[in-house]
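Asks: In my numbering, the protein residues as written are -11 to 836.
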RNA sequence: GCCCGAGUGGCGGAAUUGGCAGACGCGGAGGUCUCAAAAACCUUUGUCGAAAGACGUGCGAGUUCGAGUCUCGCCUCGGGCACCA
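The structure is reproduced here in structure tokens:
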């Protein structure tokens, strides 16, 4: 073969193969293939400009997986698309006096060009853009289906309004009390908004996390936190008449996880926003103080209101409730630490069972009856027989005790109390029997608020008619198209744009008004992975057959910032589609990999404002895409953050060039037509052959567990060994079959990561006519990876004292004998109590 | 406060099940080639020590012949939730 090794010209090679792949069908996913399927998916980008390093990392990981899976015999679906609706397009349109669509499409073109320049193996025939009417039409379809099932609804309630984005936000989009997009602190506004009933699925969303064994623990934990299930009880308290002691028919229900503390109720709490509280104080001497409190709460932001160390404020309402077990009256207070929208919006105050109630009671001098004590506490003896005396305020230090045994609690005294305790069960059972309480599971999760008062999104397909109310747009009228001639620059909004909203009622035919809210962009990204399975379907969002053929996604790769938002919504959407009979599985993503962030060399996040952004093009230019991909995957494990380091890129480039030369040198003698006879190899050849299998196995298993940094290091070792072989063995003594097999193994193993480099060597150095991705991944076996002699450690009392070379299959007694000999000076004059022989590992002699 | 992670050389990081800690790479040192430089290649590189050796995976205990890995108790850092009753 060639005498002179060609220079590694990354740019020329990469251009050549990118053009080749563009023309070929190598990466088209074939629906009809009978190979086993593998669906590799990276979270699609928002097209806000060109791709950044985070994208490059995300897609390098996914592409390595997809390419390797293809070689392992899978039919691979590896699609890409764009999450194309969203506020940045609108802002850019306003700023640049263009259309949001034009801006978005241009960015998508730029991003696709960069993806191709990076050599990502996407099936571009399946490209999905969520702003295409062909796509968003089916989002509207799904909304209507949910409307029919009662899963989509409209309600008026206090919502988070972002004054900077001029729209409402979902609970999940308020991160650290701030807007997830712009960081502004949202205001509470009372608005009529559209919701999806994700709470119907709260229990299943929680339970099915246990099925997701391929998900990182922290993501599952975050979702569990977010869903926030707590088991407890609802208990009905009767409102007392104005005399404060006579129960009325009016019941106020509380939710509590600590029904066992019911005897310790010394006051009752309502939130400042409570309409009931307003009613109770209306026209009384307490009204003024109440209004003041309410006003002060409205004035502080949600950020300031949260935090358990904030001082609590409360006012008395002048009214009482009656404890359903003791019949004792408890004063109703309004307190700013009570939330309107959790539980029933009313809370029983138990200062001896709850830190917050305790703090509140101390501040306002409310009674603190001890109801729980340890059995060795004198208080326990003193109060265990108290039935109705209601001893209070014995001793501040004793007063708060959440775990222990009940005292002065009627028939329940002496029972073990605490969360999920026997006393909880007993009291709930007792209340249930009498019909004044019941066990209840409460979730923190709220329904998903999906309406947005923004233009660049998917219109909610509903019409409001003064006679008929909210009427769905008929399916045959879908999609409700977004107008593209709105003058955003002049501040025009969808709500003011008559050609869009003026319509007639589909039910009665009278003039009616279209809903001008659009859907949260997260609705678009909740099902795009389903659309990829059947992207051109114009009869349905996707066919069941194709979705069941490709789904679930086997490997999903993306940023941890979506741990709750996108990943929770998508799981919900999948379950809804399942219940609509659209598909046959419960969870969309089998294995999830959350890649770490790419930071600058000082460990700061890259951002335009800081001016520390390293664009992918700055690396591709001087080094090429293959070097960049290699560097990104080698620098750290995929899930860890890393700091960008030019030295690592230079190192990766050095390796790629070295491996290039090594493969070409091996190719000088390589002959594909000679079959390998291991027995005939010389010692150096045998060792290289063995190492190829050893490193091949390591590399393969590392690919399986997505450990690309160590997979690469295995190839590096093999390249080092091959180059040692080349140095040691004269060219005329090299084995033609061996050099071929090793060269092919190196190229194949690196091909998922450095695809252009690999294709070039595969064709030009090794003489293949087919793509490396049409060839199977090389086979490696344990037997060939075994060495005949190995070095093992000899320990005396656990300390390594010698190393011995022994036959790999040497029997235990022989190992022991050789080992004893090697460490004589350490065991002389001592008694050998025990000898542990671990074949292949070590010998440990216990001598004292 | 509750729930998850993670702490290993100068640096990024290795070490499927308890079995030779530091693979691979970066950086450093020395060398070969060169008029010189770059590139490339070779040697070396945990700490202390001339060496023998000792010490070494955040800290402290424990289990074990043997612990980075298991148990208990801490510390630090990162992330999530949080006045959620």
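Glycine included, C-beta positions come from ideal geometry on N, C-alpha and C.
On the three-pair Cβ rule with 8 angstroms, is the segment 141 to 150 touching the segment 536 to 547?
Replies: Verdict: no, contact absent.
Asks: What is the rounded straight-line gap between the Cα of residue 370 and the Cα of residue 252?
Replies: Residue 370 sits at position 382 when you count from the first residue of the first chain. Residue 252 sits at position 264 when you count from the first residue of the first chain. Straight-line Cα distance between these residues: approximately 16 angstroms.
Asks: At the level of alpha carbons, what is the spacing between residue 348 and residue 601?
Replies: Residue numbering aside, residue 348 sits at position 360 when the first chain is read from its first letter. Residue numbering aside, residue 601 sits at position 613 when the first chain is read from its first letter. Cα to Cα, residue 348 sits roughly 50 angstroms from residue 601.
Asks: Report yes or no: do the segment 450 to 462 and the segment 416 to 430 share at least 3 C-beta pairs separated by less than 8 angstroms?
Replies: Flag = no, the segment 450 to 462 and the segment 416 to 430 do not touch.
Asks: For residue 658, tell me which candidate among 726, 645, 692, 689 has the shortest Cα-Cα distance.
Replies: Within the first chain, residue 658 is the residue found at index 670, counting from 1. Checking every option, the nearest Cα to that of residue 658 belongs to 726.
Asks: Please give the ranges of any beta strand (DSSP E) in the segment 506 to 551, keeping only runs that are unbroken, at least 3 residues long and fully inside the region.
Replies: The qualifying runs are 541 to 547.
Asks: Out of curiosity, what's the CA-to-CA distance linking residue 766 and residue 449?
Replies: Your numbering for residue 766 matches position 778 in the first chain. Your numbering for residue 449 matches position 461 in the first chain. Computed Cα separation, rounded: 53 angstroms.
Asks: Considering only C-alpha positions, which residue in the set 824, 801, 693, 836 is nearest to residue 818?
Replies: Indexing the first chain from 1 puts residue 818 at position 830. Of the candidates 824, 801, 693, 836, the one whose C-alpha sits nearest the C-alpha of residue 818 is 836.
Asks: Using three-state DSSP, classify residue 492 as helix, strand or coil.
Replies: Indexing the first chain from 1 puts residue 492 at position 504. Strand at residue 492.
Asks: Under the rule that 16 or more other beta-carbon atoms within 10 Å means buried, what is residue 496, buried or exposed?
Replies: Walking along the first chain from the start, residue 496 turns up at place 508. It counts as exposed.
Asks: Just tell me which of 582, 50, 150 has its CA closest to the CA of residue 203.
Replies: As a first step, residue 203 must be located in the first chain, where it is residue number 215. The shortest C-alpha separation from residue 203 is found at 582.
Asks: Skipping 5 residues on each side, what residues in its chain have a beta carbon closer than 8 angstroms to that of residue 613?
Replies: Indexing the first chain from 1 puts residue 613 at position 625. Contacts found: -2, 2, 105, 106, 107, 744.
Asks: What residue from 80, 318, 512 has the CA that sits closest to residue 127's CA?
Replies: As a working note, residue 127 is residue 139 in the first chain. Considering only alpha carbons, the answer is 512.
Asks: Which residue's Cα is closest to the Cα of residue 313: 809, 89, 249?
Replies: Within the first chain, the letter at position 325 stands for residue 313. Nearest of 809, 89, 249 to residue 313, Cα basis: 249.
Asks: Does the Cβ of residue 709 have 16 or more other Cβ atoms within 10 Å, making it buried, or fewer, making it exposed?
Replies: Locating residue 709 in the first chain gives position 721, where the first residue counts as 1. The residue is buried, with at least 16 neighbouring Cβ atoms inside 10 Å.
Asks: Tell me, please, whether the segment 624 to 639 touches the segment 60 to 75 by the rule of three or more beta-carbon pairs shorter than 8 angstroms.
Replies: Not touching, per the Cβ criterion.
Asks: Residue 305 and residue 320 look like a contact to me (Cβ under 8 angstroms); what is the Cβ gap, rounded to whole Å?
Replies: Position 317 of the first chain, counting from 1, holds the residue named residue 305. Position 332 of the first chain, counting from 1, holds the residue named residue 320. Yes, they are in contact, since the Cβ atoms of residue 305 and residue 320 sit about 5 angstroms apart, within 8 angstroms.
Asks: Within the continuous alpha helix (DSSP H) that includes residue 609, where are the two ends?
Replies: Counting from one through the first chain, the residue named residue 609 turns up at place 621. Residues 605 to 611.
Asks: On the three-state DSSP scale, how would you describe residue 452?
Replies: Taking the first chain and counting its residues from 1, the one referred to as residue 452 is at position 464. Reduced to three states, the DSSP call for residue 452 is strand.
Asks: Which first and last residues belong to the alpha helix (DSSP H) in which residue 396 is found?
Replies: For the purposes of this step, residue 396 is identified with residue 408 of the first chain, where counting begins at 1. Taken as a continuous stretch (DSSP letters only), residue 396 belongs to no alpha helix (DSSP H), as it is neither H nor E.
Asks: Within a Cβ cutoff of 8 angstroms, which residues of the same chain sit near residue 228, ignoring the five residues on either side of it in sequence?
Replies: By one-based count along the first chain, residue 228 stands at place 240. Hits under 8 angstroms: 234, 235, 236, 307, 308, 309, 310, 317.
Asks: Measuring from the CB of residue 499, is there a heavy atom of the ligand MN at a distance below 7 angstroms?
Replies: Looking for the ligand MN in the displayed structure turns up nothing, as the structure carries no ligands at all.
Asks: According to the neighbour-count rule (16 or more other Cβ atoms, all chains shown, within 10 Å of its Cβ), is residue 563 buried or exposed?
Replies: Reading the first chain from its first residue, position 575 is the one you call residue 563. Looking at its Cβ environment, which holds 16 or more other Cβ atoms inside 10 Å, residue 563 is buried.
Asks: Just to confirm the assignment, what range does the alpha helix (DSSP H) spanning residue 711 have?
Replies: In the first chain, counting from the first residue as 1, residue 711 sits at position 723. First-last of the alpha helix (DSSP H) with residue 711: 696 to 716.
Asks: Pull up the distance between the alpha-carbon of residue -11 and that of residue -5, whole angstroms please.
Replies: As a working note, residue -11 is residue 1 in the first chain. As a working note, residue -5 is residue 7 in the first chain. Reliability fails at residue -11, whose pLDDT of 42 lies under 50, so the model's placement of it is uncertain and no value is given.
Asks: If you compare alpha carbons, which of 275, 266, 63, 351 is closest to residue 300?
Replies: Looking up residue 300 in the first chain gives position 312. Looking at the Cα atoms, 351 is the closest of the given residues.
Asks: For residue 808, does the three-state DSSP call read helix, strand or coil?
Replies: Taking the first chain and counting its residues from 1, the one referred to as residue 808 is at position 820. Helix.
Asks: Please return the same chain residues whose Cβ sits closer than 6 angstroms to the Cβ of residue 690, not counting the five positions on each side in sequence.
Replies: Position 702 of the first chain, counted from the first residue, corresponds to residue 690. Here the set comprises 698, 699.
Asks: Throw me the rounded Cβ distance for the residue 167 and residue 157 pair, which I believe falls under 8 angstroms.
Replies: Taking the first residue of the first chain as position 1, residue 167 is located at position 179. Taking the first residue of the first chain as position 1, residue 157 is located at position 169. So it is a contact: roughly 6 angstroms between Cβ atoms.
Asks: List the endpoints of the continuous beta strand (DSSP E) containing residue 148.
Replies: Counted from its first residue, the first chain places residue 148 at position 160. Where residue 148 is concerned, the enclosing beta strand (DSSP E) stretches over 140 to 150.
Asks: Does residue 560 come out as helix, strand or coil in the three-state DSSP assignment?
Replies: For this step, residue 560 is matched to residue 572 along the first chain. DSSP places residue 560 in helix when its eight states are reduced to three.
Asks: May I ask you to report which of helix, strand or coil DSSP gives residue 404?
Replies: Counted from its first residue, the first chain places residue 404 at position 416. Strand, per DSSP.
Asks: Taking buried to mean at least 16 other C-beta atoms within 10 Å of its own C-beta, is residue 56 buried or exposed?
Replies: Position 68 of the first chain, counted from the first residue, corresponds to residue 56. When all chains shown are included, residue 56 counts as buried.
Asks: Apart from the five residues just before and just after residue 37, which ones in its own chain have a Cβ nearer than 7 angstroms to its Cβ?
Replies: On the first chain, residue 37 is found 49 positions in, with the first residue counted as 1. Answer for residue 37: 95, listed in chain order.
Asks: Rounding to the nearest angstrom, what Cα-Cα distance links residue 184 and residue 556 in this structure?
Replies: The sequence position of residue 184 within the first chain is 196, counting from 1. The sequence position of residue 556 within the first chain is 568, counting from 1. Taking the straight line from one Cα to the other gives about 13 angstroms.
Asks: Which same chain residues end up closer than 6 angstroms to residue 584 when comparing Cβ atoms and leaving out the 5 residues on each side of it in sequence?
Replies: Indexing the first chain from 1 puts residue 584 at position 596. For residue 584, where only same-chain residues beyond five positions count, the Cβ hits under 6 angstroms are 627, 628, 629.
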